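Residue numbers (the working numbering): 4 to 194.
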């Protein structure tokens with residue numbers, strides 16, 4: 004059985020949104036599907052702008068739910084964007100670019116390498132964003148180093164989350180594709 008390009012694209016988008024919504028489930032800090040979502044979109048969404056827009060939109064949607072339901076006590080009123088969202092979005096763009104470069108042909112080793120790269124990008128950009136906000140760390144090189152040092156435990160969780168969710172998302176999609184290929188195609192007979 005072969006899906007149309009449009010049907011396959013819809014399946015890929017659904018994979019991305021379900022992975023992003025997994026952030027709503029209880030989990031250790033930073034053990035999420037953020038990097039995996041961006042890499043999966045980069046690998047399987049054909050249009051570059053779609054490969055960037057869909058993962059960022061999925062993460063933003065889960066952010067809106069998290070910020071207004073789970074973390075509502077930290078904010079005054081309804082929150083569409085936090086100051087760090089723009090750094091997260093920037094990290095997502097860089098992760099998608101990494102994925103487009105490394106995952107032009109998906110393999111286990113390439114997914115592992117891209118996952119490690121995604122974790123590193125997210126760590127560098129998101130901790131820079133925390134420092135740049137000027138709330139928790141002084142606006143100095145020492146403050147920046149302190150922000151990165153404080154983020155190291157979260158980096159280990161990000162690595163674990165990206166590796167785990169890349170395995171789940173890419174593995175599930177590969178199983179799904181194998182399932183479709185094993186089903187006989189419908190044969191039409193003209194009389």
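Cβ atoms here follow ideal geometry from the backbone N, Cα and C, with glycine treated the same way.
If you're wondering where the values come from, they're calculated on a predicted model, not measured in any experiment.
Beta-carbon separation (whole angstroms), residue i vs residue j, contact threshold 8 Å
| i | j | result |
| --- | --- | --- |
| residue 38 | residue 125 | 6 Å |
| residue 1 | residue 96 | With the chain covering 4 to 194 only, the question about residue 1 has no answer from this structure. |
| residue 136 | residue 87 | 7 Å |
| residue 160 | residue 73 | Going by Cβ atoms, the distance from residue 160 to residue 73 rounds to 17 Å, so no, they are not a contact pair. |
| residue 99 | residue 54 | 5 Å |
| residue 70 | residue 85 | 6 Å |
Alpha-carbon to alpha-carbon, residue j and residue i
| i | j | result |
| --- | --- | --- |
| residue 186 | residue 61 | 31 Å |
| residue 47 | residue 58 | 12 Å |
| residue 31 | residue 68 | 18 Å |
| residue 132 | residue 184 | 44 Å |
| residue 82 | residue 146 | 27 Å |
| residue 77 | residue 157 | 20 Å |
| residue 163 | residue 80 | 33 Å |
| residue 175 | residue 14 | 12 Å |
| residue 65 | residue 21 | 10 Å |
| residue 171 | residue 19 | 12 Å |
| residue 111 | residue 178 | 13 Å |
| residue 197 | residue 138 | With the chain running from 4 to 194 in the structure shown, residue 197 is simply not present. |
| residue 181 | residue 75 | 43 Å |
| residue 51 | residue 16 | 14 Å |
| residue 167 | residue 28 | 15 Å |
| residue 103 | residue 56 | 14 Å |
Close beta carbons around residue i, own chain, < 6 Å, minus the five adjacent residues each side
| i | result |
| --- | --- |
| residue 109 | 46 |
| residue 150 | 130, 133, 134 and 140 |
| residue 23 | 40, 61, 62 and 65 |
| residue 25 | 36 |
| residue 173 | 114 |
Cβ-based neighbour list, residue i, same chain, cut-off 7 Å, excluding 5 preceding and 5 following
| i | result |
| --- | --- |
| residue 165 | 38, 39, 118, 121 and 122 |
| residue 91 | 62 and 129 |
| residue 93 | 128 |
| residue 49 | none |
Cβ neighbours of residue i in the same chain (closer than 8 Å, five flanking residues each side left out)
| i | result |
| --- | --- |
| residue 106 | 42, 45, 46, 113, 114 and 117 |
| residue 154 | 126, 129, 130 and 133 |
| residue 101 | 42, 45, 117, 120, 121 and 124 |
| residue 89 | 132 |
* Write down every uninterrupted run of the beta strand (DSSP E) in the region 137-163 whose length is 3 residues or greater and which is fully enclosed by it, in chain order. => none
* Taking only runs that begin and end inside the region 29-55, name each unbroken alpha helix (DSSP H) of 4 or more residues, in chain order. => 37-47
* Which runs of the alpha helix (DSSP H) fall wholly inside the region 66-120 and span at least 4 residues, in chain order? -> 88-105
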